[in-house]
Amino acid sequence: MKHTLQVGDKATLRKAFTASEVELFAQISGDDNPLHMNQEFAEKTPFGQPIVHGLLVASLFSGLLGGKFPGHGTIYLGQNISFKAPVFLNETVEASVEIIKIREDKPIITLRTLCVKDDGTIAIEGEAVVKVT
Numbered sequence: 840m841k842h843t844l845q846v847g848d849k850a851t852l853r854k855a856f857t858a859s860e861v862e863l864f865a866q867i868s869g870d871d872n873p874l875h876m877n878q879e880f881a882e883k884t885p886f887g888q889p890i891v892h893g894l895l896v897a898s899l900f901s902g903l904l905g906g907k908f909p910g911h912g913t914i915y916l917g918q919n920i921s922f923k924a925p926v927f928l929n930e931t932v933e934a935s936v937e938i939i940k941i942r943e944d945k946p947i948i949t950l951r952t953l954c955v956k957d958d959g960t961i962a963i964e965g966e967a968v969v970k971v972t
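The numbering of the sequence shown is our numbering, which starts it at 840 and goes up by one.
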């Protein structure tokens, strides 16, 4: 029997990003800002050390939605994101998606997307809209 989606249903994923992953994302995306990969440069910024690309961290939402919940066949229709705090190399974050609205006329759901650092600081928050197939 297939699980019926309900408001409040939630899934989470924990991840820490390595320097190698950040470098690979920089190559793929073309975002080679030294803030992400150059210790000496990053030390002179307000962050004091390299930070993980915000969109790399936000990609955890795609992994959750397409791979875990609602899962395979999910079609990403939209996402808004606010970057609230930096995520540093090897810092563990927990990404979560939680259903906040289910359309009755179409198989479309809205989810709160949140990425929280281990100390409770919100790094990223937003909303995603997906079609469930």
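For glycine and all other residues, C-beta sits at the position ideal for the given N, C-alpha and C.
Taking the Cβ atoms as the reference, K923 lies roughly 27 Å from I947, outside the contact range of under 8 Å. In this structure, the CA atom of T931 is about 31 Å from the CA atom of T843.
Judged by DSSP secondary structure, G893 falls within the alpha helix (DSSP H) whose first and last residues are 893-906. Straight-line measurement puts the Cα of S935 at about 10 Å from the Cα of L904.
When the alpha-carbon of L916 is set against those of A967, V891, R853, the nearest one is in A967. According to DSSP, N919 shares a beta bridge with E966.
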